[in-house]
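Written below as structure tokens is the structure these notes are about.
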Amino acid sequence: MKYYLAPMEGLTTYNFRTNWNRCYGGMDKYFTPFISNRHMNSRERNDVLPEHNVGMYTVPQILTNKAEEFLSLAAQLAGYGYHEVNLNLGCPSGTVVARNRGAGFLGTPRELEDFLDEIFEKCPLEISIKTRIGMDYMDEWAPLLKIYQKFPMKELIIHPRLQKEGYKGTPHLEAFAEAVEALQCPLCYNGDITSPKSLTQILTKLPSIDTVMIGRGILQNPGLLQELKAASTESVALPSCEERLAVLKEFHTSLLTGYQEIMSGDTNTLYKMKDLWTFLSHSFESPDKYVKKIRKATDTSDYKLAVNALFRECALKSENS
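Just so we're aligned, residue 1091 is where the sequence shown starts under the numbering used here, counting upward by one.
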């Protein structure tokens, strides 16, 4: 099984990726949050700089519906030494979809096909695509598959939900099965992998899957990949609870320090860390009152006190589900 880290806007930036890779590691690919500016701003450029992605196979992701913008960015990324770029056709955000980008581009299949024609003809890099299965209706998927059949993509990463579903409800595993039958390119499954049990349930219905992308599951439980590997092979030992907590503390400290070096002032740093705790709190038993104190912290000192209290007094969950 190959494992990929999903791109999550504002969360899986290079500070997160490099520190996670150092403390945990083991991902086969790391995808960046999307780049949407033809002339990359400083944040986007910093995220893809080779020196900020050492020791990782990193794939920059582009969000656009204009071929010239995609090709311009791909040329810049080729100059940085990248060999693969990913097209975002999966973001369900209303603001993105309203501009006919991300999953919104799926709603105009003729324009999408013309766009793909041009970028596959001219792009200097290999192209992979991350997609939803349509905007509003399941019957949108079959025509999209016919479009995807026409292009020599590096890989198709499928989140088998409609745009309108966001991250709610159950992924449509039958849609992924249809892609297995219809396409010859490598496929990657993405969606609701939060524990070894959840992955086993997916593989029971889709036994051909050999590559998965994980996003929210890693944010909720940074040690999830080790749990998945331990569950799938006897050669990987599952860390003890004490070991898991020690690594999580190290990861948290290095992440905080990294943001302090990158961001200006406590406010911006704490915004990033509090955003992470929306997910990370799922790793602990009964964390609510401690997370409230974390959210109320107005400076780094108060934040550290609140986090240390949580680490000290809340038990890690034995199994994240």
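Just so you know, even glycine gets a beta-carbon here, dropped at the ideal spot from N, CA and C.
None of these values were measured; they are calculated from a predicted model.
Problem - 7 Å CB neighbourhood of residue 1198 in its chain, flanking five on each side removed - result: 1190
Exercise for the section: Have a look at 1242, 1277, 1281 and flag the residue whose alpha-carbon is nearest the alpha-carbon of residue 1255. Expected result: 1281
Practice task
Going by DSSP, name the residue or residues bridged to residue 1304.
Solution key: 1095
Practice task
Determine the extent of the alpha helix (DSSP H) in which residue 1369 is found, giving its start and end residues.
Solution key: 1355-1370
Exercise for the section: With distances taken Cα to Cα, identify the nearest neighbour of residue 1176 among 1119, 1408, 1368. Expected result: 1119
Practice task
Check the DSSP bridge columns for residue 1278 and list the partner residues they point to.
Solution key: 1247
Practice task
Return helix, strand or coil for residue 1381, following the three-state DSSP convention.
Solution key: helix
Practice task
Select from 1196, 1147, 1140, 1125 the residue whose C-alpha is nearest the C-alpha of residue 1163.
Solution key: 1125
Exercise for the section: Taking only the alpha-carbon atoms, compute the straight-line gap between residue 1165 and residue 1140 and give it to the nearest angstrom. Expected result: 15 Å
Handout entry: Cross-strand partners of residue 1374 (DSSP beta bridge)
Key = 1406
Exercise for the section: Would you please state the rounded distance, in angstroms, between the beta carbons of residue 1362 and residue 1353? I believe it to be under 8 Å. Expected result: 7 Å
Practice task
State whether the stretch 1252-1269 contacts the stretch 1205-1218, with contact taken as three or more CB pairs (one from each stretch) at a distance under 8 Å.
Solution key: no
Practice task
Answer yes if the stretch 1304-1314 comes into contact with the stretch 1095-1115, meaning at least three C-beta pairs across the two stretches below 8 Å, and no otherwise.
Solution key: yes
Handout entry: Three-state secondary structure (DSSP) of residue 1411
Key = The predicted model places residue 1411 with a pLDDT of 42, which falls under 50 and marks its position as unreliable, so this point remains unresolved.
Exercise for the section: Starting from the C-beta of residue 1265, find all residues in its chain whose C-beta is less than 8 Å away, skip the five residues before and the five after it, and write them out in chain order. Expected result: 1223, 1228, 1231, 1248, 1250
Problem - C-alpha gap between residue 1109 and residue 1144, whole angstroms - result: 11 Å
Problem - Cβ-Cβ distance between residue 1202 and residue 1179 below 9 Å - result: yes
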